[in-house]
Amino acid sequence: MNMKKFLAALSVSLLIAGLVPVSASAAADKDTIEKGIYIGDIDVSGMSVIEAKQAVLDYVDSIEDTEITLNAMNNNKISVPLSDLSLTWENEDVVKEAAAVGKEGNIVKRYKVLKDLQHENKVFDLVYDFDKSKIKEIIETDCEPFNVSPQDATLRRENGEFIIEPGMTGVKIDVDSSVNAVYDYLINEWNGEAAAVDLVVAVDEPRGTEEELSQVKDVLGTFTTDYSSSGSNRSGNVANGARLVNGTLLYPGDSFSMYETVSPFTEENGYYLAGSYLNGMVVESLGGGICQVSTTLYNAVLRAELEVTERSNHSMIVTYVDPSADAAIAGTSKDFKFVNNLEHPIYIEGYTANKKITFTVYGVETRPSNREVIYESEVISKTVPEGEKVVADGSHAIGYINVQSSHTGYVAQLWKIVKEDGVEVSREQVNKSTYKATPRTATVGTASGDPNASAAVNAAIASQSIAHVRNVIASVNDPAQAAAMAAAQQQEAAAAQQAAAIAAQQAAAQAAAEQAAAAQQQQAQ
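The sequence shown lines up with residues -5 to 519 when you count with the numbering used here.
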């Protein structure tokens, strides 16, 4: 007997014996899923392919409102419905696979499959997919408030005592890793019900411990300058600058910018109009006097032996420090910057009292007690300005004269001298500075409704003689303008007296420096 005849006879025998369900032969001709077959949790027994597919789609639609909770640190979390993650049914061909069960192979194989279904259901996986870009968008947007920058521990100084303020740990969601974690969970572990997934969060510890900051108590460098000759506006600017710098804490490697610390130069930030240098002239500007703040801190930083990364001298000499010991700031073109190159944090205290400004750098003193650092200014050359300079100003009327005193030019350098047990062991040049020589300068108004008067004043300006300009103005002015000219002359006289006093102060300071240098040289000899 051949195999075909054998199988036919076996089939008839099995049917007669009742061992093969009648439906087995009938189902072979119908697109109907056998009993005991599931797709996921959905019983598709007795359904056609179309009915089964619709049943699964209805189920997927019914779970779109199921929420997945995304957990961050510190009990921060959000819940999102699956619909926001673009839930889709991925393996639709599984319906055809389910319909083919018990209908493929010879009668023995089909018999075995159907017999197995009587004892155990066959469950096909229901495979979902989600849009990773949607998951990323939700994490980047809705979870952004969970990101917290670390706050370093810091110090403040009150009544001569340091108070430590603890820091705060920072957290930041790793977006890409979190997207993968959520996606992998939904694809491989999710059971179709509401669930929670932990986002991947990086912890950023703050700098500074109580033990570390409690050591910041030694004076590494301090310096004071005097601004007793300043008016109220300039004095206010100096005090405001000290306030803005005061309390700065720099950890090892941190950098400091004077401009960034004390700007913007606005009334809202506490500044007033006061004189400052611009192109060899003294002009009124918001924040005039802030360079004295920068200079005072520069000298304290030098004595603390921190690393100065940017420093510029003024265009003209200043009177509150020796030549080459100044540090000017002017917008972003001139800034004073330094780095905490030490192994411990430093704290900067700044204050004003009795028209003096003081900065003190506190830290952990590691230098030997027998080591002394001093700074010495050396004037290399002087240039005494010659003649006078007269500048026309069409924004003022004839009769306006603003005279500024002359400034001696200097070339100077600053030396860092290190002594051990009182004996000089090293001498290093810190910087070299060049200051302009500026003649006595008058700014003269030329605006007038009378072309002849304007021509006469402009011709006088060409002579570059302030006295001649005054005479010409007197000859063309009316009585009111003459009164204005007299007031200007009084102002000029007062300015000249002040300039003379400043020059005398500079000369005395220079003489004292030369005497001190001579005395040091004699001691060395």
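Glycine residues also receive a C-beta, built at the ideal position from the N, C-alpha and C atoms. Model, not experiment: these values are computed from the prediction.
Out of the options, which has the shortest C-alpha to C-alpha gap to residue i?
i	options	result
Leu408	Asp37, Asn263, Gly202, Arg305	Arg305
Glu152	Leu214, Val333, Glu343	Glu343
Leu207	Arg150, Pro258, Ala190, Val287	Arg150
Glu183	Thr219, Met310, Leu120, Asp444	Leu120
Pro433	Lys413, Asp146, Thr402	Thr402
Gly34	Leu51, Ala447, Ile44	Leu51
Lys350	Arg228, Val169, Asn100	Arg228
Cys285	Tyr221, Val412, Glu98, Glu301	Tyr221
Val232	Gly40, Ile455, Gly283	Gly283
Ser363	Thr352, Gly439, Gly416	Gly416
Ala188	Ile62, Thr255, Ala321, Leu300	Ile62
Glu144	Phe156, Phe353, Lys166	The amino acid at residue 144 is misidentified as Glu; the sequence shows Pro. Pro144 has its Cα closest to that of Lys166, out of Phe156, Phe353, Lys166.
Val292	Thr313, Ala322, Glu254, Asn263	Position check: residue 292 holds Tyr in this sequence, whereas Val was assumed. The shortest C-alpha separation from Tyr292 is found at Ala322.
Val142	Met67, Ser457, Asn234	Met67
Leu64	Thr290, Val176, Ser448, Ser279	Val176
Glu159	Thr313, Glu261, Arg201	Arg201
Ala431	Ala94, Val405, Leu267, Ile57	Val405
Ser77	Ile57, Lys71, Ala94	Ile57
Asp55	Thr313, Gln398, Thr82	Thr82
Leu111	Tyr32, Pro75, Ile455	Tyr32
Val312	Gly393, Thr219, Ser448, Leu244	Thr219
Asn70	Asp178, Thr352, Asp192, Glu114	Asp192
Asp168	Phe156, Thr148, Phe140, Ala147	Phe140
Ser270	Pro246, Thr303, Met310	Met310
Asn307	His462, Ser327, Val384, Leu300	Ser327
Asn348	Glu138, Ser226, Leu300	Ser226
Leu267	Thr303, Lys128, Asn234	Asn234
Pro75	Ser39, Lys128, Met41, Val38	Lys128
Could you spell out the range, first to last residue, of the beta strand (DSSP E) harbouring residue i?
i	result
Gly344	340 to 347
Asp387	382 to 391
Leu244	242 to 244
Ile62	61 to 65
Val412	403 to 414
Ser171	Element bounds for Ser171: not the beta strand (DSSP E) but the alpha helix (DSSP H), 169 to 182.
Leu79	Leu79 -> no beta strand (DSSP E), and no H or E assigned at all.
Lys331	331 to 333
Ser375	365 to 377
Glu155	155 to 159
Thr313	Premise fails: Thr313 is in no beta strand (DSSP E) and is neither H nor E.
Leu149	148 to 152
Asn396	395 to 398
Val194	Looking at the DSSP string, Val194 is not in any beta strand (DSSP E), and its letter there is neither H nor E.
Sort out for me which residues DSSP pairs residue i with in a bridge.
i	result
Met252	For Met252, which the question treats as bridged, DSSP gives no partner whatsoever.
Gly357	Asp212
Asn85	Looking at the DSSP assignment, Asn85 forms no beta bridge with any residue, so it has no partner.
Phe118	Ile33
Arg434	Glu382
Asp123	Thr82
Gly164	Asp198
Ile72	Leu64
Thr26	Ser42
Ala324	Lys328
Lys97	According to DSSP, Lys97 bridges with nothing at all.
Val142	Val165
State the start and end residues of the unbroken alpha helix (DSSP H) segment that holds residue i.
i	result
Asn425	Note, Asn425: premise wrong, no alpha helix (DSSP H); beta strand (DSSP E) at 417 to 429.
Asp52	43 to 56
Asn465	460 to 470
Asn452	445 to 456
Val102	101 to 113
Val88	88 to 94
Ile133	126 to 136
I'd like to know whether the C-beta of residue i is nearer than 8 angstroms to at least one C-beta of chain D.
i	result
Asp316	In the displayed structure, chain D is absent; only one protein chain is listed.
Exercise for the section: Assess, as a yes-or-no matter, whether the segment 369 to 388 is touched by the segment 230 to 248 under the definition of 3 or more beta carbon pairs within less than 8 angstroms. Expected result: In short, these stretches do not touch, since the Cβ pair count stays below three.
Problem - Any 3 or more C-beta pairs closer than 8 angstroms across the segment 248 to 263 and the segment 377 to 386 - result: A contact between stretches requires three or more CB pairs, one per stretch, nearer than 8 angstroms, and the segment 248 to 263 fails this requirement with the segment 377 to 386.
Handout entry: Unbroken stretches of the alpha helix (DSSP H), 4 residues or longer, contained in the segment 272 to 303
Key = Counting only runs of 4 or more, we get 284 to 298.
Problem - the segment 212 to 224 contacting the segment 350 to 360, beta-carbon criterion three pairs below 8 angstroms - result: Here the segment 212 to 224 makes contact with the segment 350 to 360; the two share three or more CB pairs at distances below 8 angstroms.
Problem - Contact between the segment 388 to 400 and the segment 317 to 336 (3+ Cβ pairs under 8 angstroms) - result: When Cβ pairs closer than 8 angstroms are counted between the two stretches, the segment 388 to 400 is seen not to touch the segment 317 to 336, the count staying below three.
Practice task
Counting only runs of 3+ residues fully inside the segment 198 to 234, write out the beta strand (DSSP E) ranges in chain order.
Solution key: If we require 3 residues or more, the beta strand (DSSP E) runs fully inside the segment 198 to 234 come out as 212 to 220.
Practice task
Could you tell me whether the segment 117 to 132 touches the segment 87 to 97, using the rule of 3 or more Cβ pairs below 8 angstroms?
Solution key: When C-beta atoms of the segment 117 to 132 are compared with those of the segment 87 to 97, three or more pairs fall below 8 angstroms, so the two segments count as touching.
Problem - Segment contact, 8 angstroms Cβ cut-off, at least three pairs: the segment 133 to 142 with the segment 163 to 172 - result: In short, these stretches touch, since the Cβ pair count reaches three.
Practice task
Pair every Cβ in the segment 93 to 100 with every Cβ in the segment 192 to 202, then say whether three or more of these pairs are closer than 8 angstroms.
Solution key: Segment contact: the segment 93 to 100 against the segment 192 to 202, fewer than three CB-CB distances shorter than 8 angstroms; contact not assigned.
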